[in-house]
Amino acid sequence: MSKLDGKVAIITGAARGIGASAARLFAAEGAKVMLADVLTEPLLALAAEIGDNAAACPTDVTNEVAVKALVDQTIAKFGRVDIALLNAGIEGQVSPITDYAPEMFDKVIAVNVRGVWLGLKYVMKAMETKGGSIVITSSTSGIRATLNLSAYTASKHAVIGLMRSAALEGAPAKIRVNTVNPSPIDTPMIASLEAMRGLAGHNDQPMAQGTPLGRYGEAIEVAKLMLFLASDDASFCTGGVYMVDGGVSAGRR
Ligand SMILES: NC(=O)c1ccc[n+]([C@@H]2O[C@H](COP(=O)([O-])OP(=O)(O)OC[C@H]3O[C@@H](n4cnc5c(N)ncnc54)[C@H](O)[C@@H]3O)[C@@H](O)[C@H]2O)c1
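Its first residue numbered 872, the sequence shown is counted upward by one per residue in this note's numbering.
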């Protein structure tokens, strides 16, 4: 028996990176997966690759109508919602607060905080009768600051607050809510941060230098923690902050 047999999962930010890895893993473990992202082409390609147990719903997580439609379409297609990975996120710009564009601050908060809140609002409603598991992707930037990433750092702290609120509210309905806190994971987001920090072109994983395990994590290493938290193996886990960061949060070597 696979870990997610018979379960239905919504995954946001599923077109690439951590979300795409989780989509493949969850489907391999028996789940039916509804994939959501703003990048329509790779989203449709991933759903086609996974096959009958996947469907794609192009969704901007900042748009309330679209998020409600995502949950409605999941129920129409697969019958219910047992799991949600609220994983879509953007890094914003790399600069000190004094140079940070207010419009970019608003955009980061809209995707990373409002997007998660809207996901909670509609997914928790859908889970009200049968319970479920919600996993939110925070970051090591959710428990301490990352230099010159103020909006991102604020957003990833904020979703820990949302997670704790949702864990309290959802507990009577057996809705478990947790965060995974990755860093640094080898995805397009890290490549973008490297480029903005002037580190592009290095082939020595520059943002892993000095960290305990001294390498980038793979998206699948985050997806495996998401799988644990989403599955019934984590039946007593709610309201938790789970690091998957190669030791970054412990300190530098
Ligand atoms: N890569 C890392 O080192 C790292 C570290 C800590 C946390 N995270 C978090 O992990 C999550 C996944 O990031 P990733 O590393 O896979 O990066 P990624 O950029 O590869 O994936 C993010 C996905 O979110 C999607 N997205 C962005 N805005 C959206 C919107 N408005 N609506 C729907 N989808 C949207 C993107 O199109 C993309 O497919 C993010 O929340 C990110 O903040 C990543």
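Glycine is no exception: its CB is placed at the ideal position from the N, C-alpha and C atoms.
Expected contact under 8 Å - CB spacing of residue i and residue j to nearest Å
| i | j | result |
| --- | --- | --- |
| G1003 | I954 | 6 Å |
| I921 | A959 | Not confirmed; about 18 Å, so no contact. |
| K878 | D1104 | Not confirmed; about 12 Å, so no contact. |
| V1093 | P1053 | 5 Å |
| L1039 | I1005 | 13 Å between Cβ atoms; not a contact. |
| E1020 | G963 | The identity of residue 1020 in the sequence shown is Leu, whereas the question assumes Glu. Going by Cβ atoms, the distance from L1020 to G963 rounds to 7 Å, so yes, they are a contact pair. |
| L1098 | E900 | 6 Å |
| E1007 | V987 | Checking the sequence shown, residue 1007 turns out to be Ile, not Glu. Confirmed, about 6 Å. |
| R985 | T933 | 6 Å |
| D1116 | T1011 | 5 Å |
| L1100 | Y1087 | Not confirmed; about 22 Å, so no contact. |
| A1022 | V979 | 4 Å |
| V952 | I1014 | Contact flag wrong, Cβ pair sits at about 28 Å. |
| A1042 | M998 | Actually they do not touch by this definition, with Cβ atoms about 12 Å apart. |
Cross-strand partners of residue i (DSSP beta bridge)
| i | result |
| --- | --- |
| N1052 | M1114 |
| M905 | I881, A926 |
| S1120 | Paired residue(s): none; S1120 is not in a bridge. |
| R1047 | S1004 |
| I968 | Note: I968 sits in no beta bridge, so no partner. |
| A955 | I881, I1005 |
| G1088 | I1056 |
| L1020 | S966 |
With 16 other Cβ atoms within 10 Å as the buried cut-off, status of residue i
| i | result |
| --- | --- |
| F870 | The question about residue 870 has no answer here: the residues shown for the chain are numbered 872 through 1124. |
| M995 | buried |
| A919 | exposed |
| L917 | buried |
| A1127 | Outside the displayed span of the chain (872 to 1124) sits residue 1127, for which this structure offers no information. |
| L1096 | buried |
| K1027 | buried |
| N983 | buried |
| L896 | buried |
| L1018 | exposed |
| I847 | Absent from the structure is residue 847, since the part of the chain shown begins at 872 and ends at 1124. |
| A947 | exposed |
| T883 | buried |
| A898 | buried |
| A1071 | exposed |
| A1121 | exposed |
| T1024 | buried |
| A972 | exposed |
| T1109 | buried |
Any non-hydrogen atom of ligand 2 closer than 7 Å to residue i Cβ
| i | result |
| --- | --- |
| T883 | Only ligand 1 can be found as ligands here, which leaves ligand 2 out of the picture. |
Exercise. Is the stretch 1077-1091 close to the stretch 1022-1039, with three or more CB pairs under 8 Å?
Worked result: no
Problem set entry | At least three beta-carbon pairs within less than 8 Å, the stretch 1041-1050 to the stretch 1059-1070 | no
Problem set entry | the stretch 926-936 in contact with the stretch 901-913 per 3-pair CB rule at 8 Å | The answer is yes - the stretch 901-913 touches the stretch 926-936, with three or more Cβ pairs under 8 Å.
For this session: May I ask you to verify whether the stretch 886-900 touches the stretch 942-951, counting CB pairs closer than 8 Å and requiring at least 3?
Result: These segments do not touch.
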